[in-house]
Amino acid sequence: MVFRILFLLLSLTVYTFVYPQGKLVPTAKENAATVYSKFNINNISTLIYNNGNADIEGADSGFEYPKGTNKTAVYKSGFVFGGKIDGELRVGGSTFGYGIQPGKILNNGLAEDPNLENVRVFRVRRDYKSADLGMEAEDEGKSIQQIYDQYDKDWNEWRVNDGAPFEDVDGNGFYGSSIDIPGIPGADQTLWFVANDLDSMVTKSFYGSPTIGIELQVSIWGYRMEEPVGNTVFKKYLLINKSDKEIKEMYIGIWADPDLGDAGDDLVGCDTLLNLGYVYNGDDHDWAYGQNVPSLGFLLLQGPIIDGASTSYGTFKGKRIKGKRNLRMTAFSNIPKTFHPPEGSYEGTIEMYNLFQGLQVWGYPYPIPDYLGGGYTKFPFSGDPVSRTGYIGGTHITGSMADLPGDHYMMISSGPFNMMPGDTQEVIFAQVIAGGSDDIDRLGAIILLKHYSQSIRSIFSGECICLPTVKTPIVNYAELDNKIVLHWGEKESAENVEFAGNSIFAFQGYNIYQLSRAYSKLEEGRKIATFDVVDGIGNIYDYVFDLENKKYNYALKQSGKDSGIQRYISIDYDYIHNRPMSNGSTYYFAITSYLISDNLSISPNNYESEPYIITVTPHSFNPGVVTKDFGEELSSSHIAGNSDAEIKAVVIDPYKLNGHEYEITFQNNNGLSWSLVDITDNKEIFSNQANFLGDNDYLIADGLMFVVKEGTTDKLTTEDIYKITAPLVEYNNTKAKEDVEKINVFPNPYYGASEQQIDKYDRYVTFTHLPNKATIRIFNLAGQLVRKLEKDNSDQFVRWDMLNESRFIVPSGLYIVHIEMPEVGKTKVLKLAVLYEQLVPDYY
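In the working numbering, the protein residues as written are 2 to 845.
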């Protein structure tokens, strides 16, 4: 015990004397071509350098989370590798300093000039031409035009020939700049660079090692999504042995100096089941994050590939290879601050290789504390800090600096493996952060981080994250008498939504919400309907974090009915105010689609699209309009064949009826299907339709839902042909004269306010049932013209904002409204009473 105390005091003394700022200073000289770019597509903003360094900004921590708060969680991180060539240890990569330089290894075996402009960090964003780039501009202190120009330049100069990844849109295996998409497939932002370790001065200034001959192709990417994916940076390292030597007993290491705000009160740990190394706060308060300190981890998703059992599978470049397996995290290191491998000395190579193997820097194994039974481990601090069980830091029992809250360095390692000349290895990991807000304390952040890590692992497949593409339906609407109809069954929109997803997630249904305002959040509104696939799956539950009890609970996330897909809804009830809809009132609705995983143990196991928001005002047909109403059915003519099937069209949107003639025919391609052709326009509307049930799961075209129900006796064959003729939306002047008798104004009396108003200054009354053209004159009882309003549009409503011609508020009183309708040849006179709670000055 005396020795341990003396060692602790000595360690503290050395730390204070040698490193007064608490950081090691890189000894390697910065290369002239060393440049960086920022990853900042989601909740994280951090820097990526083309010499392999990451997260540092100048001499300060550069991993900002949450983005825009100036709070940082990592001082610096990097990727290291090492092995034996002809029995000699060699190490390269990046930690505090770096042992690699920008650029590839050329075919002649020499290094590319690191000062060339094309060895920069490239950055692309798949939607940069249409996206709002204000976020990046603010984060980087640049103009939007500068951000756009950088994205555009890197997009057009994307280094596919040097190994930069791309999305092969046309599937031909080759990059087409006008078709294919630069970057990791599906990612919202990708950064890429290539580096090598051929400069012996650089490698020796790193850890005193000779060069190896490794080329590193590095991809960093992310997604603009909610957490956990929105709290994650994904990184892929391709290591190519471009030397003429075999590298034996090789290891890789993911190294970091994490600083959660205050660097002096952190602890680190690992989770061997998750392949996760992480950092958390050692006490309940941090000077930067306060009481809501996040936890950050490095999650190994895909380790190096080696030979495995004949029945095992390994993953490499997105493909599963039989007889192979991927190495897991094989060691975790909590690196003592004062004993970090020294740079510029071959001793650093030896000590780093010790760490790779799961040893302490001086080559001894990590002891397990006596109170845990003793022995040795390659995974120190693998206990649970939340329950305070197992081998954890902060216990002050071991007498080691590693046991105390402080500024810790850490590394997860994987190996050994061999690399023959020309061999390539692929390592993929995720840098994940959780907590830091929403009243989550330091221990809750650990729980959240591990849950995030498990979730990310569950959706990781090959070299991509299998995030579903959730499409928003395109919604049309019909405003009818005291009701509205929403429909989203047009072929292109429906197929775009319902064919979304991937191998893990698939389309499940649609949700319909009523909102109180157009800008309301979904959770603030009322879900009024769900139409989902009939597959025996109804309600979808997922884990929700319980802040108070620091645990996850199962909660309802999607309330499916297993009722079948329907692509329209008729609504005549106001669910926000619990009463029937009324003409002239404005309502707000939102439609979303959602996907689920058939493996419901995955979390999150469902994703919901962004809402398509609709603002509608129910009203009767405009004066003179004659057409079919919603829900009316159009019968068909059976012009060929002998089937007794029921073929019809149901009116969904009366305003879209066009008078065209349609033909329904049948084909037999591995089963009977049917097609719809617009004979009038001589075009096919849709084909290969296989629904013969007569339910509501049909596409919608030109305001009609075409329904095909198989017969009971004589079945449909390819000989059958049916025709349906749609009515026209017509105008009848005699009816228009009758309809304008319904002209009215509401509210009347006007008591100084209306529930439709946004605030007390948003005053108005509404005139209804107006024809396309009308002149409205408003007089006071003295016969003075107060206001004149002109109407020349198809909307049957006109609002008066209670202002006179001089734009002053009119006083309380009785007003005479004269409405002139030249096209109809009629006039209408109304009386309107205006009453305020307080008298408004009369400006007449």
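Even glycine gets a Cβ: it sits at the ideal position worked out from N, Cα and C.
Between the alpha carbons of A737 and N477, how many angstroms are there, rounded?
Taking the first residue of the sequence shown as position 1, residue 737 is located at position 736. Taking the first residue of the sequence shown as position 1, residue 477 is located at position 476. When rounded, the distance between both Cα atoms is 26 Å.
Any alpha helix (DSSP H) of 4 or more consecutive residues that is wholly inside the segment 540 to 609:
none
Do three or more CB pairs link the segment 71 to 86 to the segment 223 to 232 at distances below 8 Å?
no
Is any heavy atom in the ligand NAP found nearer than 8 Å to the beta carbon of S244?
The ligand NAP is absent from the structure shown, which contains no ligand whatsoever.
Among the residues of its own chain, which have a CB less than 7 Å from the CB of K832, if the five just before and after it don't count?
Walking along the sequence shown from the start, residue 832 turns up at place 831. Cβ neighbours of K832 beyond the five flanking positions: L815, I817.
Under 9 Å, do T47 and D61 count as touching if we go by C-beta distance?
Residue 47 sits at position 46 when you count from the first residue of the sequence shown. Residue 61 sits at position 60 when you count from the first residue of the sequence shown. Their beta carbons are not under 9 Å apart, which means T47 does not touch D61 by this criterion.
Test item: CB-CB of I434 and G278 under 9 Å
For the purposes of this step, residue 434 is identified with residue 433 of the sequence shown, where counting begins at 1. For the purposes of this step, residue 278 is identified with residue 277 of the sequence shown, where counting begins at 1. No, these two residues do not count as a Cβ contact at 9 Å.
Which term fits S454, buried or exposed, when burial requires 16 or more other beta carbons within 10 angstroms of its beta carbon?
Position 453 of the sequence shown holds residue 454. Classification of S454: buried, given that the 10 Å Cβ count is 16 or more.
Residue from E141, P337, F207 whose Cα sits closest to the Cα of I45
In the sequence shown, the residue the question calls residue 45 occupies position 44. Cα-wise, what sits closest to I45 is E141.
Just to check my reading of the structure: V709 and Y656 have Cβ atoms closer than 8 Å, yes? What is that Cβ distance to the nearest angstrom?
The sequence position of residue 709 within the sequence shown is 708, counting from 1. The sequence position of residue 656 within the sequence shown is 655, counting from 1. Wrong, their Cβ atoms sit about 25 Å apart, outside the cutoff.
Could you pull the start and end residues of the alpha helix (DSSP H) that I145 belongs to?
As a position in the sequence shown, residue 145 is number 144, starting the count at 1. It spans 145 to 157 - the alpha helix (DSSP H) in which I145 sits, taken as one unbroken run.
Would Y66 and N51 qualify as a contact pair, given that the criterion is a beta-carbon distance under 9 Å?
As a working mapping, residue 66 is identified with position 65 in the sequence shown. As a working mapping, residue 51 is identified with position 50 in the sequence shown. Not closer than 9 Å, so no.
Counting C-beta neighbours from all protein chains within 10 Å, is the total for F500 16 or more, i.e. buried, or is it exposed?
Indexing the sequence shown from 1 puts residue 500 at position 499. Exposed is the call here.
DSSP three-state assignment for H639, whether helix, strand or coil:
Residue numbering aside, residue 639 sits at position 638 when the sequence shown is read from its first letter. Here H639 sits in strand by DSSP.
Which one of L771, V269, D114 has the shortest CA to CA distance from D198?
By 1-based counting over the sequence shown, the position of residue 198 is 197. Considering only alpha carbons, the answer is D114.
With contact counted as at least three CB pairs below 8 Å, one residue from each stretch, are the segment 207 to 220 and the segment 240 to 255 in contact?
yes
How many Å lie between R851 and W801 at the Cα?
Absent from the model: residue 851. The displayed extent of the chain is 2 to 845, so no value can be given.
Using DSSP's beta-bridge definition, name the partner residues of W222.
The residue labelled residue 222 in the question sits at position 221 within the sequence shown. Its beta-bridge partners are T191, F235.
Work out the CA separation of I485 and A702 for me, nearest whole Å.
Reading the sequence shown from its first residue, position 701 is the one you call residue 702. Reading the sequence shown from its first residue, position 484 is the one you call residue 485. Each residue's Cα considered, the two are about 18 Å apart.
Compare the Cα-Cα distances from W222 to each of R121, P366, I810, I42 and report the closest residue.
Along the sequence shown, one-based indexing puts residue 222 at 221. Measuring from the Cα of W222, the nearest candidate turns out to be I42.
Our contact map puts Y208 next to G63 with C-beta atoms below 8 Å; I'd like the distance itself, whole angstroms only.
As a position in the sequence shown, residue 208 is number 207, starting the count at 1. As a position in the sequence shown, residue 63 is number 62, starting the count at 1. In fact, because the Cβ distance is near 23 Å, the residues do not count as touching under 8 Å.
A783 classed as buried or exposed, judged by whether at least 16 other C-beta atoms fall within 10 angstroms:
Position 782 of the sequence shown, counted from the start, is the residue given in the question as residue 783. Classification of A783: exposed, given that the 10 Å Cβ count is below 16.
Please classify M421 as buried or exposed, where buried requires at least 16 neighbouring CB atoms within 10 angstroms.
Sequence index remark: in the sequence shown, residue 421 carries index 420 (1-based). Result: exposed.
Quick check on this structure: which residue in D285, D796, F299 has the alpha carbon closest to the alpha carbon of T767?
Your numbering for residue 767 matches position 766 in the sequence shown. Considering only alpha carbons, the answer is D796.
With a threshold of 7 Å on Cβ separation, who are the neighbours of L134 within its own chain once the five nearest residues in sequence on each side are excluded?
Against the sequence shown, residue 134 aligns to sequence position 133. Excluding positions up to five away in sequence, the list reads I145, I148, Y149.
Would Y410 and W159 be called neighbours here (beta carbons separated by less than 9 Å)?
Taking the sequence shown and counting its residues from 1, one reaches residue 410 at position 409. Taking the sequence shown and counting its residues from 1, one reaches residue 159 at position 158. No.
Straight-line CA distance for E74 to I429?
On the sequence shown, position 73 is the one that residue 74 refers to. On the sequence shown, position 428 is the one that residue 429 refers to. A small fix is needed here, since residue 74 is Ala in this sequence, not Glu. Rounded to whole angstroms, A74 to I429 spans 21 Å at the Cα level.
May I ask you to report which of helix, strand or coil DSSP gives A446?
Here residue 446 refers to the residue found at position 445 when the sequence shown is read from its first residue. A446: helix per DSSP, three-state reduction.
CB-CB length for T769 against F798, believed under 8 Å:
In the sequence shown, residue 769 corresponds to position 768, counting from 1. In the sequence shown, residue 798 corresponds to position 797, counting from 1. So it is a contact: roughly 6 Å between Cβ atoms.
Determine the direct distance from the alpha carbon of S521 to that of V830, and round the result to whole angstroms.
Within the sequence shown, residue 830 is the residue found at index 829, counting from 1. Within the sequence shown, residue 521 is the residue found at index 520, counting from 1. Going from the Cα of V830 to the Cα of S521 covers about 39 Å.
Helix, strand or coil for Y837 per DSSP?
The sequence position of residue 837 within the sequence shown is 836, counting from 1. Coil at Y837, not helix or strand.
How about the segment 614 to 621 and the segment 645 to 662: do they share at least three Cβ pairs that are nearer than 8 Å?
no
Using CA coordinates, which residue listed in Y129, N108, Q102, V125 is at the minimum distance from L117?
The residue given as residue 117 occupies position 116 in the sequence shown. Closest option to L117, Cα to Cα, is Q102.
Would you kindly check if the distance between the Cβ of I744 and the Cβ of T666 is under 9 Å?
Position 665 of the sequence shown, counted from the first residue, corresponds to residue 666. Position 743 of the sequence shown, counted from the first residue, corresponds to residue 744. No; because the gap between Cβ atoms is not below 9 Å, this pair is not in contact.
Can you tell me which of the three DSSP states A417 falls into?
Taking the first residue of the sequence shown as 1, we reach residue 417 at position 416. Reading the sequence as shown, one finds Pro at residue 417 and not Ala. In the structure shown, P417 sits in a strand (DSSP, three-state: E or B).
Taking DSSP's pairing of strands, which residues face E141 in a bridge?
Within the sequence shown, residue 141 is the residue found at index 140, counting from 1. DSSP output for E141 lists no bridge partner at all.
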